[in-house]
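Below is one structure; the comments refer to it alone.
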Amino acid sequence: MDPMNPAPAYGPAEVAHGPIFIGFFFNALLYGIMVNQTYFYFSTFRVDRLWTRAFVACIFALDTANTVFDLAYLYDCLIVHFDDVPYLARATWLFATDPAMTAIIAFLVQVFYVWRVRVLTGSASLAALIFACALAGLAGGLATTVEVLREPEFRDFIRFKSVVILWLLAECLADILIATLLVRHLRAHKSGMPGSDALVDRVIRLTVQTGIATALCATIDLIVFLSDPIGLHLTFNFPLCKLYTNALLSSLNGRGGSWGGAAGSGSGRTGLMTSKRASASLPVRSSYFPHFLISSFPIHRLFPIRLLSA
Numbered sequence: 001m002d003p004m005n006p007a008p009a010y011g012p013a014e015v016a017h018g019p020i021f022i023g024f025f026f027n028a029l030l031y032g033i034m035v036n037q038t039y040f041y042f043s044t045f046r047v048d049r050l051w052t053r054a055f056v057a058c059i060f061a062l063d064t065a066n067t068v069f070d071l072a073y074l075y076d077c078l079i080v081h082f083d084d085v086p087y088l089a090r091a092t093w094l095f096a097t098d099p100a101m102t103a104i105i106a107f108l109v110q111v112f113y114v115w116r117v118r119v120l121t122g123s124a125s126l127a128a129l130i131f132a133c134a135l136a137g138l139a140g141g142l143a144t145t146v147e148v149l150r151e152p153e154f155r156d157f158i159r160f161k162s163v164v165i166l167w168l169l170a171e172c173l174a175d176i177l178i179a180t181l182l183v184r185h186l187r188a189h190k191s192g193m194p195g196s197d198a199l200v201d202r203v204i205r206l207t208v209q210t211g212i213a214t215a216l217c218a219t220i221d222l223i224v225f226l227s228d229p230i231g232l233h234l235t236f237n238f239p240l241c242k243l244y245t246n247a248l249l250s251s252l253n254g255r256g257g258s259w260g261g262a263a264g265s266g267s268g269r270t271g272l273m274t275s276k277r278a279s280a281s282l283p284v285r286s287s288y289f290p291h292f293l294i295s296s297f298p299i300h301r302l303f304p305i306r307l308l309s310a
């Protein structure tokens, strides 16, 4: 340390709990949006396959647990241990759950998009590349939790910056790859039909918006973590998992009511080609419904729906 330019002194609340409080505010705000989106999904798309609905329920449960843990940590620090300076200077196991749960949620959402990339592009190698990035992000997040438990002093977090870099950089790279590949392939398979192209544009718009949001938040989180001596990065870290969950639900709900889920009838109200002849020509299983053809690509496969019995 330069004796002529000493580092400024920060109080324990200024080091971590101020940024955590702000981050939790956005976390809770996004959680409310997620609850609304989850309700809309389950009440509207009742004909989605069981595994998709179970996946959404799992993500919702994990995100709810994350919010509960974060709230319990803030209550423990700011109420139970109010003015306990040594306690406030150290992270607890409740705090340590955040990077692990964020990494798990991000991994599950990215794996869902890996499935989409595999279905859309037909490329196992591209899907494997994104999966490797998602897996690296998961490993980095779990390793960060372990390091937080080993080095609980907030001022010492920079000592394990390598695993934090792995965690956030891998997640950011996976998000960018997912958005780039999906947008590129969807644009290349437009049919020129107004109805089908409108659906493609909607999927593209949601993919870009959600991909940019998660990648940008992870990037800012990493940059602030590496450049700032206090815990300002936690402002961006705490809402990150909610961005992933809302990205997934926005993608699923972006179909709107035109897919027939609300009434459970399976009938579509769009101007897309849904004729039996077109459907029969598609190399897909008959249990997917309805069949939307976009330049010989069945975009309905991105939204697996059960075929209702007559």
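No gaps in the numbering here: position 177 of the sequence shown is 177 in UniProt numbering, and each next residue is one more. Yeah, the Cβ is synthetic: ideal placement off N, Cα and C, and Gly gets one too. Only a predicted model underlies this, so the values are computations on that prediction, with no experimental measurement involved.
Checklist entry - Taking the alpha helix (DSSP H) that residue 250 falls in, what are its first and last residues? => result For the purposes of this step, residue 250 is identified with residue 250 of the sequence shown, where counting begins at 1. That run of the alpha helix (DSSP H) goes 240-253.
Checklist entry - Buried or exposed: which applies to residue 85, given that a residue is buried once 16 or more other Cβ atoms fall within 10 Å of its Cβ? => result Position 85 of the sequence shown, counting from 1, holds the residue named residue 85. With fewer than 16 other Cβ atoms within 10 Å, it is exposed.
Next on the checklist: Just verifying my parser: in three-state terms, what is the DSSP assignment at residue 153?
Outcome noted: For this step, residue 153 is matched to residue 153 along the sequence shown. If DSSP states are grouped into helix, strand and coil, residue 153 belongs with the strands.
Checklist entry - Which stretch, first to last residue, makes up the alpha helix (DSSP H) that contains residue 43? => result Translated into positions along the sequence shown, residue 43 becomes position 43. Residues 18-44.
Checklist entry - Going by the beta-carbon positions, is the gap between residue 95 and residue 75 smaller than 7 angstroms? => result Residue numbering aside, residue 95 sits at position 95 when the sequence shown is read from its first letter. Residue numbering aside, residue 75 sits at position 75 when the sequence shown is read from its first letter. Taking 7 angstroms as the Cβ cut-off, residue 95 and residue 75 do not qualify as a contacting pair.
Checklist entry - Where do the ends of the alpha helix (DSSP H) carrying residue 104 lie? => result In the sequence shown, residue 104 corresponds to position 104, counting from 1. It spans 93-121 - the alpha helix (DSSP H) in which residue 104 sits, taken as one unbroken run.
Checklist entry - Pairing CB atoms from the stretch 238-257 with CB atoms from the stretch 94-109, are three or more of them under 8 angstroms? => result yes
Item to check | residue 50, enclosing alpha helix (DSSP H) - first and last residue | outcome: Your numbering for residue 50 matches position 50 in the sequence shown. Element bounds for residue 50: 50-75.
Item to check | Nearest candidate by alpha-carbon position, reference residue 241, set 227, 210, 125, 255 | outcome: Stepping through the sequence shown from its first residue, residue 241 is reached at position 241. Residue 210 is the option with its Cα nearest to residue 241.
Next on the checklist: Looking at the strands, I want to know which residues DSSP matches up with residue 90.
Outcome noted: Along the sequence shown, read from residue 1 onward, the residue named residue 90 stands at position 90. Answer is 153.
Next on the checklist: Let me confirm a value: residue 65 is counted as buried when at least 16 other C-beta atoms fall within 10 Å, else exposed. Which label applies?
Outcome noted: Counting from 1 along the sequence shown, the entry for residue 65 is found at position 65. The residue in question, residue 65, is exposed, as its Cβ has fewer than 16 Cβ neighbours within 10 Å.
Checklist entry - Can you give the Cα-Cα distance for residue 224 and residue 232, rounded to whole angstroms? => result The sequence position of residue 224 within the sequence shown is 224, counting from 1. The sequence position of residue 232 within the sequence shown is 232, counting from 1. Distance between the alpha carbons of residue 224 and residue 232: 7 angstroms.
Item to check | Bounding residues of the alpha helix (DSSP H) (the contiguous stretch that carries residue 234) | outcome: Translated into the one-based positions of the sequence shown, residue 234 becomes position 234. Run containing residue 234: 234-237, per the alpha helix (DSSP H) assignment.
Next on the checklist: Can you look up residue 131 in the DSSP assignment and give me helix, strand or coil?
Outcome noted: Working through the sequence shown from its first residue, we reach residue 131 at position 131. Residue state, collapsed to three classes: helix.
Next on the checklist: Suppose contacts are defined by Cβ-Cβ distances below 7 angstroms. Is residue 114 in contact with residue 104 by that definition?
Outcome noted: Residue mapping note: residue 114 aligns to position 114 of the sequence shown, counting from 1. Residue mapping note: residue 104 aligns to position 104 of the sequence shown, counting from 1. Cβ atoms of residue 114 and residue 104: not closer than 7 angstroms.
Item to check | For residue 212, the nearest candidate out of 182, 175, 40 (CA to CA) | outcome: Within the sequence shown, residue 212 is the residue found at index 212, counting from 1. Comparing Cα positions, the closest option is 175.
Checklist entry - Near residue 215, what residues of its chain come up, given a Cβ to Cβ distance below 6 angstroms and the 5 sequence neighbours on each side ignored? => result Taking the first residue of the sequence shown as 1, we reach residue 215 at position 215. 172, 175, 176, listed in sequence order.
Checklist entry - Under the rule that 16 or more other beta-carbon atoms within 10 Å means buried, what is residue 178, buried or exposed? => result Against the sequence shown, residue 178 aligns to sequence position 178. Answer is buried; the Cβ neighbour count reaches 16.
Checklist entry - In its own chain, which residues sit with a C-beta less than 8 angstroms from the C-beta of residue 166, not counting the 5 before and 5 after it? => result On the sequence shown, residue 166 is found 166 positions in, with the first residue counted as 1. So the qualifying residues of the chain are 136, 137, 139, 140, 143.
Checklist entry - Going straight from the alpha carbon of residue 220 to that of residue 228, what length do you get? => result In the sequence shown, counting from the first residue as 1, residue 220 sits at position 220. In the sequence shown, counting from the first residue as 1, residue 228 sits at position 228. Near 12 angstroms, if we compare the C-alpha coordinates of residue 228 and residue 220.
Item to check | Secondary structure of residue 178, DSSP reduced to three states | outcome: Here the question's residue 178 lines up with position 178 in the sequence shown. It is helical.
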